[in-house]
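A quick write-up on the structure given underneath.
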Amino acid sequence: MDCPKCAPELETKTLGDDIKLERCRTCFGLLAKGFMLEKMGTEFMAETFLDIGSASIGKKFDKVEDIQCTHCKVDMDKIVDPHQTHIWMECCPSCDRIFLDAGEFSDLKYETFSDKIKGLLKGRRH
Ligand SMILES: [Zn+2]
Ligand SMILES: [Zn+2]
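Residue numbers for the sequence shown follow our numbering, beginning at 0 and rising by one.
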């Protein structure tokens, strides 16, 4: 299958029973449905198995813009995380798949966890 950003190197990856996504062998970008990313966010260490590309590769391919969804052949919309405005993702308006460059999922997940920890520390003061 074609990677939206580079070569026809997209392969299906699974983790456990219920996580399934596609990853590019060249740029290590991840293509997954929105709910799948949420699941990955709750899975312990999911990023170390799935998001294996280095952030520097991700940065390089982050510059590739105006990509099309591999499955639907329609232009993907750019979305930005409201809490982490440096992370841009591409989202397919038709199938709800999201494309993340290498390193971006780890970045998102790390931030969510540190927010949780901040919340915990706050709670202790009361
Ligand atoms: Zn790629
Ligand atoms: Zn699509």
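Heads up, the beta-carbon is just placed ideally off N, CA and C, and yes, glycines get one too.
Every value quoted in this text rests on a predicted model; they were computed, and no experiment measured them.
| Query | Result |
| --- | --- |
| Out of curiosity, what's the CA-to-CA distance linking K121 and V73? | 44 Å |
| Measuring only the C-alpha atoms, how far is D76 from D65? | 8 Å |
| Buried or exposed, going by whether 16 or more other CB atoms sit within 10 Å of the CB of R24? | exposed |
| Any idea what DSSP makes of E37, helix, strand or coil? | helix |
| Taking DSSP's pairing of strands, which residues face I66 in a bridge? | In DSSP, I66 forms no bridge with anything. |
| Let me know if K62 comes out buried or exposed under the rule of 16 or more other beta-carbons within 10 Å of its beta-carbon. | exposed |
| Please confirm whether any heavy atom of ligand 2 lies closer than 7 Å to the CB of C91. | yes |
| Exposed or buried, F34, counting other C-beta atoms within 10 Å across all chains shown (16 or more means buried)? | exposed |
| Using three-state DSSP, classify D80 as helix, strand or coil. | coil |
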